[in-house]
Amino acid sequence: STQGDELLWMGETTGVVEQHGDEIFVDEHPVQTVLQGTTCSVKTVQLIRRGDKLYKLVDTIG
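Residues in the sequence shown are numbered from 1 upward in steps of one, following full-length UniProt numbering.
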């Protein structure tokens with residue numbers, strides 16, 4: 001994932017939360033890019049709960 005990607009969380013209680021991944025951290029240090037399988041954190045605008053699913057929105061046209 002790259003800083004600025006469109007992210008979407010979905011959960012039973014949370015509902016749907018959509019935002020850009022403007023602040024991504026690995027080991028509490030800000031990073032621009034995260035490789036698949038790397039544990040990272042993202043500053044969110046709303047409460048995200050354990051068990052919520054995270055999706056990265058990808059443009060398939062163009």
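Virtual Cβ for every residue (Gly too), placed ideally from N, Cα, C. All values reported here derive from a predicted model rather than from experimental measurement.
message: With DSSP as the reference, identify every bridge partner of Thr-2, one or two as the case may be.
response: Position 2 of the sequence shown holds residue 2. Partner(s): Thr-33.
message: Going by the DSSP bridge assignment, what does Val-28 pair with across the sheet?
response: Position 28 of the sequence shown, counted from the start, is the residue given in the question as residue 28. In the sequence under discussion, the amino acid at residue 28 is Glu, which differs from the Val named in the question. Note: Glu-28 sits in no beta bridge, so no partner.
query: Using a Cβ-Cβ cut-off of 8 Å (strictly less than) and excluding sequence neighbours within five positions of Pro-30, which residues of its own chain qualify?
result: The residue given as residue 30 occupies position 30 in the sequence shown. Only Glu-23 and Ile-24 meet the Cβ criterion.
- prompt: What's the call for Val-58, buried or exposed, on a 16-neighbour Cβ count within 10 Å?
  reply: Here residue 58 corresponds to residue number 58 of the sequence shown, with the count starting at 1. With fewer than 16 Cβ atoms within 10 Å of its Cβ, Val-58 is classed as exposed.
message: Any beta carbon of chain B sitting closer than 8 Å to that of Glu-12?
response: The chain inventory of the structure shown lacks chain B, comprising one protein chain alone.
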